[in-house]
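One structure below.
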Amino acid sequence: MEKAGSYHGSCFCGAVRFIVSGEPVVMGYCHCESCRHWSAAPVNAFTLWPADGVRITQGADRIATYAKTPRSNRKWCTSCGGHVYTEHPGWGLTDVYAAVIPGLHFQPGVHVNYQERVLRIEDGLPKLKDIPKEMGGSGEPVAE
Ligand SMILES: [Zn+2]
Ligand SMILES: [Zn+2]
42 MEKAGSYHGS CFCGAVRFIV SGEPVVMGYC HCESCRHWSA APVNAFTLWP
92 ADGVRITQGA DRIATYAKTP RSNRKWCTSC GGHVYTEHPG WGLTDVYAAV
142 IPGLHFQPGV HVNYQERVLR IEDGLPKLKD IPKEMGGSGE PVAE
């Protein structure tokens, strides 16, 4: 049996620190407009964890939340503005951005919301038009 991992994360300035335990449910890249706009990047490398796997160890009082829709509670540090994670209450999952937990070996398995992409990534991984069926999407594959 594989031992569950424990990964240290922090915001950009280090005031907010947290530990993510267990193993991610799924890892990949999201190309949706919301992720791109929020992250100010062409694509978001996500790692989705059961919500109870994320534990704040420092700076909980510095974490602010913005929810444009009830599907996503986006968290960032009020000292540096660095993004830390996004809660998806409807799924019981939390997206911890791969970039803030450098100790995790990021192994992307899928590209989601690829119909909204601005950057093509020809890496041979499956590309979904939106999101998987079991998460409320069409699950439809699209070409790279
Ligand atoms: Zn910070
Ligand atoms: Zn997205």
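The numbering of the sequence shown is this note's numbering, which starts it at 42 and goes up by one. Built from N, CA and C at the ideal position, the CB exists for glycine as well. In this text, all values refer to a predicted model and were calculated from it rather than measured experimentally.
DSSP three-state assignment for residue i, whether helix, strand or coil
{"i": "Glu43", "result": "Low per-residue confidence applies at Glu43: pLDDT is 43, beneath 50, and the placement is therefore not dependable enough to give any value."}
{"i": "Asp171", "result": "coil"}
{"i": "Arg112", "result": "coil"}
{"i": "Ser179", "result": "coil"}
{"i": "Ala105", "result": "strand"}
{"i": "Val66", "result": "coil"}
{"i": "Cys118", "result": "strand"}
Bridge partner(s) assigned by DSSP for residue i
{"i": "Pro91", "result": "Leu134"}
{"i": "Asn154", "result": "For Asn154, which the question treats as bridged, DSSP gives no partner whatsoever."}
{"i": "Val61", "result": "Tyr48, Val95"}
{"i": "Ala86", "result": "Tyr70"}
Nearest residue (CA-CA) to residue i, options the options
{"i": "Gly131", "options": "Ala92, Trp79, Asp171", "result": "Ala92"}
{"i": "Cys76", "options": "Ser179, Gly177, Asp171, Val183", "result": "Asp171"}
Rounded Cβ spacing between residue i and residue j (contact assumed at less than 8 Å)
{"i": "Leu160", "j": "Val84", "result": "6 Å"}
The segment 93-106 touching the segment 141-161, judged by at least three CB pairs closer than 8 Å: no
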